[in-house]
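The letter at position 176 of the sequence shown is residue 184 when you use the working numbering, and the numbering goes up by one with no holes.
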Amino acid sequence: MTEPTEADAYVRKLLWALQSLPHEDRLNIAAEIHSHLSESATAGRDAAARAYEKLGPPHLLARRFVEEYELAGALHRAAPGRLLLAILSRGSRNVAALGAGFGAVLCYVFALTFLVVAAAKPVMPANVGLWRTGDGATLAGLVAVPPTGADLLGLWIIPVALAAAIGCYLFGTQVLRHRARHLLGR
Numbered sequence: 009m010t011e012p013t014e015a016d017a018y019v020r021k022l023l024w025a026l027q028s029l030p031h032e033d034r035l036n037i038a039a040e041i042h043s044h045l046s047e048s049a050t051a052g053r054d055a056a057a058r059a060y061e062k063l064g065p066p067h068l069l070a071r072r073f074v075e076e077y078e079l080a081g082a083l084h085r086a087a088p089g090r091l092l093l094a095i096l097s098r099g100s101r102n103v104a105a106l107g108a109g110f111g112a113v114l115c116y117v118f119a120l121t122f123l124v125v126a127a128a129k130p131v132m133p134a135n136v137g138l139w140r141t142g143d144g145a146t147l148a149g150l151v152a153v154p155p156t157g158a159d160l161l162g163l164w165i166i167p168v169a170l171a172a173a174i175g176c177y178l179f180g181t182q183v184l185r186h187r188a189r190h191l192l193g194r
């Protein structure tokens, strides 16, 4: 029986850290890394040292694989919730991911606000609307007392608000998808 090599020990630690991935994917990653480390070891001690240094500690390498797996899976799902969480989890190491995550959250908040406006207009028509005032136009809602002046949209605020909500939702989702594709392309 042969002695375990340094590559064997590294791959064993890597496999342990990759447990959240499917079994077949873990084995494929381990085989690829073991092959790379074994080839580096046959090229000499300096080549092996460079290979280990480039890969980094097994737990950090595993974390990168798990994050890539989660991000790729979230990108291919229809719901943006997981994608948002995957992008925000990278925010501590990537300012652009953090910005994209917060930008998408802001878009979703605007979408929710427009939905509330559309739903509240039939219930409280006197309090929800877009009025012309002396200073320009004012959007009043739910709590605010509407200014004196003409309601510019009337019930048309419902389809306008719904269209704005859909637009904000789609834009926020596109921001997340674009950032995820960019992160996976690295």
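Yeah, the Cβ is synthetic: ideal placement off N, Cα and C, and Gly gets one too.
On a predicted model such as this, the values are computed, not experimentally measured, just so you know.
Which residue marks the beginning of the alpha helix (DSSP H) containing residue i, and which one marks its end?
i: residue 208; result: Residue numbering for the chain in the displayed model covers 9 to 194; residue 208 lies beyond these limits and cannot be assessed.
i: residue 84; result: Premise fails: residue 84 is in no alpha helix (DSSP H) and is neither H nor E.
i: residue 130; result: 103 to 131
i: residue 180; result: 165 to 192
i: residue 57; result: 53 to 63
Specify the secondary structure class of residue i as computed by DSSP and reduced to three states.
i: residue 138; result: strand
Leaving aside the five residues before and after residue i along the sequence, list all residues of the same chain whose C-beta is less than 8 Å from its C-beta, in chain order.
i: residue 10; result: Confidence in residue 10 is poor, its pLDDT being 48 and thus under 50, which makes the residue's placement too unreliable to answer from.
i: residue 34; result: 23, 26, 27
Tell me whether residue i counts as near the ligand PLP, meaning its Cβ is closer than 6 Å to at least one heavy atom of that ligand.
i: residue 81; result: Looking at this structure, you won't find the ligand PLP or any other ligand, since it has none at all.
Closer than 6 Å by C-beta to residue i: which residues in its own chain qualify, once you throw out the five before and the five after it? Chain order, please.
i: residue 177; result: 119
i: residue 116; result: 180
i: residue 126; result: 166, 169, 170
i: residue 63; result: 69
i: residue 122; result: 169, 172, 173
Might you give, ordered along the chain, the residues of its own chain that have their beta carbon closer than 7 Å to the beta carbon of residue i, omitting 5 neighbours on each side?
i: residue 163; result: 129
i: residue 65; result: none
If residue i and residue j are in contact, beta carbons under 8 Å, what's the gap, nearest whole angstrom?
i: residue 67; j: residue 25; result: 5 Å
i: residue 184; j: residue 92; result: 6 Å
i: residue 15; j: residue 45; result: 4 Å
i: residue 72; j: residue 82; result: Contact flag wrong, Cβ pair sits at about 16 Å.
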